[in-house]
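Residue 967 is where the sequence shown starts when you use the numbering used here, and the numbers rise one by one after that.
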Amino acid sequence: DFAAKVFFLTGGIAMLTLIINAPTCGPLLKKLGLVTPTDSRLKIISKYRLRMVQYSLTEYVSLLADERFCDLDFTVVREHVPFLRDITYEQLKAAVKRHKEQTPPRS
967 DFAAKVFFLT GGIAMLTLII NAPTCGPLLK KLGLVTPTDS RLKIISKYRL
1017 RMVQYSLTEY VSLLADERFC DLDFTVVREH VPFLRDITYE QLKAAVKRHK
1067 EQTPPRS
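Pasting the structure below:
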């Protein structure tokens, strides 16, 4: 009986810790200024974003080569894919050119 009460109280305290402390910990640390991204982290995030934009653009162009997607409008895709929102027309043309160079001609 005593052991059950101890386990119940321990479980209750653990649950309250997870429910109350966990969601408020991140915003509290940011508000106090204890969590600031380092220069190396910012560089990594920047490189990651650049790589994701390149990958998304490459995949988009390769999908356009498929007959099913030949009449797909880029503006619609841009609205739904966050990594493609800032793509310029020149970047899109360069991706199409790279795709043509890398894809073997159909026989």
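Backbone N, C-alpha and C fix where the C-beta goes; we use that ideal spot for every residue, glycine too. This one's a predicted model, so the numbers in the text were calculated from it and none came from an experiment.
*Contact between the region 972-986 and the region 1009-1019: three or more CB pairs below 8 Å?*
no
*What do you reckon, are the CB atoms on L1023 and L1030 nearer than 8 Å?*
no
*If F1040 sits next to V1019, beta carbons under 8 Å apart, how far is it from one beta carbon to the other, in whole angstroms?*
Going by Cβ atoms, the distance from F1040 to V1019 rounds to 14 Å, so no, they are not a contact pair.
*By DSSP, does T1004 sit in helix, in strand, or in coil?*
coil
_Tell me the rounded alpha-carbon separation between I1053 and L1016._
11 Å
*Using the C-alpha atoms, what's the distance from V1027 back to V1062?*
6 Å
*Are the beta-carbon atoms belonging to R1044 and R1034 less than 8 Å from one another?*
no
*If you draw a straight line from the alpha carbon of L984 to that of G999, how long is it in whole angstroms?*
23 Å
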